[in-house]
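Numbering (the numbering used here), first residue to last: 859 to 1125.
All C-beta atoms, glycine included, are put in the ideal place defined by N, C-alpha and C.
What follows is a single structure, written as structure tokens, with notes after it.
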DNA sequence: ATCAGCACCTGTTGGC
DNA sequence: TGCCAACAGGTGCTGA
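Dropping the structure here:
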């Protein structure tokens, strides 16, 4: 499910709802475990007050006092729901009780989603790269891709380079930049790199304004779908005409992922 | 250093 | 209608 715009939407919605609240209980599913790899036990956050909620890459970061942080990764089908209607939530993986009686529920059909509690810097701990919106990315992009022979789309999906881009927005950004997904990232021209970065930021911003894409399972913290799926130019549109030139959108598999592009508009 | 392939899970969809 | 394969917004591991 969720890429940067979806995760950003959830984090922005949750921040004012959770800020200042205290966690009073944590219940987490075992088998398969939902808490994996944290340096602190989940119970560490019980009794602590939430300072803020933000996004790092595709992680939702809930920050507590003393640098204690909870990182939530939704993977494919995770949903983080604030105070859902009373009664059991289907596919619940974890439930956090709050001091005002509200609850935060992590539900996930496919059980890929993960959480961890740790102390210290989120970006370093989680091993994610630079944010697409970071101003210094413009200056650093050339150096990041220099000599890399991997296809540009595979490179975009690697969270250690740029953090937050997933399959949908990689396809969309490459379309708007006019670049073929298979093009070797190290061979992009200066102009192509600039176009790609501009296209990436534009499509991510626009998707955030539309509260993300709900292609399948994604809903925000209130359980509502996003709207950007209606504006997708290539993702999921195989066999349909390109909106710019009418050529039929093609689907290939690259890095084991469905990849969509216009063979005319993208060179 | 890469990268294809598969693993992790469950649900939905489309073809025969 | 029924069955089965393919596919799904992500990542992490293995072995070539």
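Helix, strand or coil: which one does DSSP assign to residue i?
i, result
"residue 872", "helix"
"residue 949", "coil"
"residue 966", "strand"
"residue 1117", "strand"
"residue 988", "strand"
"residue 1065", "helix"
"residue 1071", "coil"
"residue 897", "coil"
"residue 1099", "strand"
"residue 995", "helix"
"residue 1106", "strand"
"residue 1111", "strand"
"residue 977", "strand"
"residue 956", "strand"
"residue 880", "strand"
"residue 888", "coil"
"residue 1004", "coil"
"residue 961", "strand"
"residue 972", "strand"
"residue 1124", "coil"
"residue 1059", "helix"
With 16 as the cutoff for other CB atoms within 10 Å, does residue i come out buried or exposed?
i, result
"residue 992", "exposed"
"residue 1106", "exposed"
"residue 1070", "buried"
"residue 1039", "buried"
"residue 874", "exposed"
"residue 884", "buried"
"residue 901", "exposed"
"residue 1084", "buried"
"residue 994", "exposed"
"residue 1003", "buried"
"residue 1022", "buried"
"residue 990", "buried"
"residue 1030", "buried"
"residue 1048", "exposed"
"residue 1089", "exposed"
"residue 897", "exposed"
"residue 965", "buried"
Quick one, are the C-beta atoms of residue i and residue j less than 7 Å apart?
i, j, result
"residue 925", "residue 878", "no"
"residue 1037", "residue 1013", "no"
"residue 963", "residue 950", "yes"
"residue 1024", "residue 861", "yes"
"residue 1035", "residue 1054", "yes"
"residue 1041", "residue 1010", "yes"
"residue 865", "residue 918", "yes"
"residue 1052", "residue 1086", "no"
"residue 948", "residue 922", "no"
"residue 908", "residue 920", "yes"
"residue 931", "residue 972", "yes"
"residue 1123", "residue 1102", "yes"
"residue 1121", "residue 1108", "yes"
"residue 928", "residue 892", "no"
"residue 970", "residue 933", "yes"
"residue 867", "residue 1075", "no"
"residue 996", "residue 880", "no"
Any chance the stretch 1079-1091 sits against the stretch 934-950, with 3 or more Cβ pairs inside 8 Å?
yes
Give a yes or no on contact between the stretch 910-928 and the stretch 977-996, applying the rule of three or more CB pairs nearer than 8 Å.
yes
At what residue ranges does the stretch 899-942 contain a whole run of the beta strand (DSSP E), taking only runs of 3 or more?
Along the stretch 899-942, the beta strand (DSSP E) occurs as fully enclosed runs of 3 or more residues at 908-914, 917-922, 926-931 and 936-940, listed in sequence order.
Touching or not, the stretch 953-963 and the stretch 1057-1066, by the rule of three or more beta carbon pairs under 8 Å?
By the Cβ rule, the stretch 953-963 does not count as touching the stretch 1057-1066, because fewer than three pairs are nearer than 8 Å.
In chain order, which continuous runs of the alpha helix (DSSP H) of length 4 or greater are located wholly inside the stretch 1006-1034?
Segments of the alpha helix (DSSP H) lying fully in the stretch 1006-1034: 1010-1015.
List, from N- to C-terminal side, the alpha helix (DSSP H) runs of 4 residues or more that fit wholly inside the stretch 1033-1057.
none
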